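Asker: Provided herewith is a single structure, encoded as structure tokens, for subsequent inquiry.
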Amino acid sequence: NAGVTQTPKFRILKIGQSMTLQCAQDMNHNYMYWYRQDPGMGLKLIYYSVGAGITDKGEVPNGYNVSRSTTEDFPLRLELAAPSQTSVYFCASSSPGLAGSYEQYFGPGTRLTVT
Amino acid sequence: AQSVSQHNHHVILSEAASLELGCNYSYGGTVNLFWYVQYPGQHLQLLLKYFSGDPLVKGIKGFEAEFIKSKFSFNLRKPSVQWSDTAEYFCAVNAIRNNDMRFGAGTRLTVKP
Numbered sequence: 026n027a028g029v030t031q032t033p034k035f036r037i038l039k040i041g042q043s044m045t046l047q048c049a050q051d052m053n054h055n056y057m058y059w060y061r062q063d064p065g066m067g068l069k070l071i072y073y074s075v076g077a078g079i080t081d082k083g084e085v086p087n088g089y090n091v092s093r094s095t096t097e098d099f100p101l102r103l104e105l106a107a108p109s110q111t112s113v114y115f116c117a118s119s120s121p122g123l124a125g126s127y128e129q130y131f132g133p134g135t136r137l138t139v140t
Numbered sequence: 253a254q255s256v257s258q259h260n261h262h263v264i265l266s267e268a269a270s271l272e273l274g275c276n277y278s279y280g281g282t283v284n285l286f287w288y289v290q291y292p293g294q295h296l297q298l299l300l301k302y303f304s305g306d307p308l309v310k311g312i313k314g315f316e317a318e319f320i321k322s323k324f325s326f327n328l329r330k331p332s333v334q335w336s337d338t339a340e341y342f343c344a345v346n347a348i349r350n351n352d353m354r355f356g357a358g359t360r361l362t363v364k365p
């Protein structure tokens, strides 16, 4: 299993540009998540999905959109990039597992810079 | 929603020193608890987890953590750190009722050889 994969690894955007961060998992997990990681701030949840066709906002959804057309894929879209969106983005997936554990598996991250 | 506090932002230790990283959370319901580690330039990896049963859980690489329900704490410990333990450590709390996972701000551990 490849686990959770993310593309691209790095990207530089100009203010106002748009892009899609790709995330895929091959573990048949129902739950998928997008986080951003800023220095000293830990991980903040942007959006999450409990299954294909179902998405919901996390703590910091403004400026982002998601879709979940298949179990495997969970792309994150930035429509009008802003410097405040400079961050490292992590995708994760989970399933209830034993005793409802919901242990999350993380992708390698995408480092995004908006200038 | 629950919140997670990690008391130390940056801890510097010499090799062979003992480690304890604090983690407290605020949530009255049933939780699952996790410690993740992020080595430089890498993604988060699970160190250990608590779901139920023995509140003292053992993870990989000699780490352990103790869940003290009355104190809402889940501190991470290691008796003797190594240079290779240099990393950032994140505590996470999952509220089972709604599968709401929250992470602490992280503690950066630097181990001097």
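Residue numbers (this note's numbering), protein chains in the order written: chain A, 26 to 140; chain B, 253 to 365. Beta carbons: idealized from backbone N, C-alpha and C, even for Gly. Everything numeric in this text was worked out from a predicted model, so none of it was measured.
1. Could you check how far apart the C-beta atoms of residue 136 of chain A and residue 34 of chain A are, in whole angstroms? I think they sit under 8 Å.
2. For residue 316 of chain B and residue 30 of chain A, what's the separation of their Cα atoms in angstroms?
3. Quick test of your reading: residue 56 of chain A and residue 118 of chain A, contact by CB under 8 Å. State the CB separation rounded to the nearest angstrom.
4. For residue 38 of chain A, which residues does DSSP report across the bridge?
5. Closer than 6 Å by C-beta to residue 258 of chain B: which residues in its own chain qualify, once you throw out the five before and the five after it? Chain order, please.
6. What are the residues that DSSP puts in a beta bridge with residue 76 of chain A?
7. Could you tell me the distance, in whole angstroms, from the CA atom of residue 106 of chain A to the CA atom of residue 85 of chain A?
8. Do we get a CB-CB distance below 9 Å when we pair residue 261 of chain B with the residues of chain A?
9. Closer than 8 Å by beta-carbon distance: list the chain A residues that pair up with residue 342 of chain B, in chain order.
10. What separation, rounded to the nearest whole angstrom, lies between the Cα atoms of residue 305 of chain B and residue 108 of chain A?
11. Just to confirm my understanding: we take residue 299 of chain B, look at its own chain, exclude 5 residues before and 5 after, and list those with CB closer than 7 Å. What are they?
12. Can you tell me which of the three DSSP states residue 337 of chain B falls into?
13. Counting only beta-carbon separations shorter than 9 Å, does residue 76 of chain A have a partner in chain B?
14. Quick one, which of A:115, A:120 and A:89 has its alpha-carbon nearest residue 44 of chain A's?
15. Identify the continuous beta strand (DSSP E) that holds residue 316 of chain B and give its terminal residues.
16. Please tell me whether residue 114 of chain A has its Cβ less than 9 Å away from any Cβ of chain B.
17. State the DSSP-derived secondary structure class of residue 110 of chain A, mapped to helix, strand or coil.
18. Among A:58, A:40, A:74 and A:51, whose alpha-carbon lies nearest the alpha-carbon of residue 134 of chain A?
19. Starting from the beta carbon of residue 268 of chain B, find every residue of chain A whose beta carbon is closer than 8 Å, and list them in chain order.
20. Could you tell me which residues DSSP puts in a beta bridge with residue 283 of chain B?
Answerer: Straight from the coordinates:
1. Residue numbering aside, residue 136 of chain A sits at position 111 when the first sequence is read from its first letter. Residue numbering aside, residue 34 of chain A sits at position 9 when the first sequence is read from its first letter. Yes, residue 136 of chain A and residue 34 of chain A are in contact; Cβ-Cβ is about 7 Å, under 8 Å.
2. Start at 1 with the first residue of the second sequence, and residue 316 of chain B comes out as number 64. Start at 1 with the first residue of the first sequence, and residue 30 of chain A comes out as number 5. If you take the alpha carbons of residue 316 of chain B and residue 30 of chain A, they lie about 29 Å apart.
3. Within the first sequence, the letter at position 31 stands for residue 56 of chain A. Within the first sequence, the letter at position 93 stands for residue 118 of chain A. Going by Cβ atoms, the distance from residue 56 of chain A to residue 118 of chain A rounds to 6 Å, so yes, they are a contact pair.
4. Taking the first residue of the first sequence as position 1, residue 38 of chain A is located at position 13. BP columns for residue 38 of chain A point to A:139.
5. For the purposes of this step, residue 258 of chain B is taken as the residue at position 6 of the second sequence. Cβ neighbours of residue 258 of chain B beyond the five flanking positions: 275, 343, 356, 357 and 359.
6. Taking the first residue of the first sequence as position 1, residue 76 of chain A is located at position 51. DSSP output for residue 76 of chain A lists A:79 as bridge partner(s).
7. As a first step, residue 106 of chain A must be located in the first sequence, where it is residue number 81. As a first step, residue 85 of chain A must be located in the first sequence, where it is residue number 60. Near 15 Å, if we compare the C-alpha coordinates of residue 85 of chain A and residue 106 of chain A.
8. Here residue 261 of chain B refers to the residue found at position 9 of the second sequence. It does; some Cβ of chain A falls within 9 Å.
9. Locating residue 342 of chain B in the second sequence gives position 90, where the first residue counts as 1. Correct list: 67 and 68.
10. Against the second sequence, residue 305 of chain B aligns to sequence position 53. Against the first sequence, residue 108 of chain A aligns to sequence position 83. Spanning the two alpha carbons is a distance of roughly 46 Å.
11. Looking up residue 299 of chain B in the second sequence gives position 47. Closer than 7 Å at the Cβ level, and outside the excluded window around residue 299 of chain B, lie 287, 288, 289, 311, 312 and 315.
12. As a position in the second sequence, residue 337 of chain B is number 85, starting the count at 1. In the structure shown, residue 337 of chain B sits in a helix (DSSP, three-state: H, G or I).
13. Taking the first residue of the first sequence as 1, we reach residue 76 of chain A at position 51. No - not a single Cβ of chain B is within 9 Å of the one on residue 76 of chain A.
14. As a working mapping, residue 44 of chain A is identified with position 19 in the first sequence. Closest option to residue 44 of chain A, Cα to Cα, is A:89.
15. In the second sequence, residue 316 of chain B corresponds to position 64, counting from 1. Run containing residue 316 of chain B: 316 to 320, per the beta strand (DSSP E) assignment.
16. Stepping through the first sequence from its first residue, residue 114 of chain A is reached at position 89. No - not a single Cβ of chain B is within 9 Å of the one on residue 114 of chain A.
17. One-based indexing of the first sequence puts residue 110 of chain A at position 85. Helix at residue 110 of chain A.
18. Stepping through the first sequence from its first residue, residue 134 of chain A is reached at position 109. Selected option, being the one with the closest Cα: A:58.
19. Here residue 268 of chain B refers to the residue found at position 16 when the second sequence is read from its first residue. Those do not exist, as residue 268 of chain B stays about 28 Å from chain A at its closest Cβ, beyond 8 Å.
20. By one-based count along the second sequence, residue 283 of chain B stands at place 31. According to DSSP, which records beta bridges pairwise, residue 283 of chain B is partnered with B:347.
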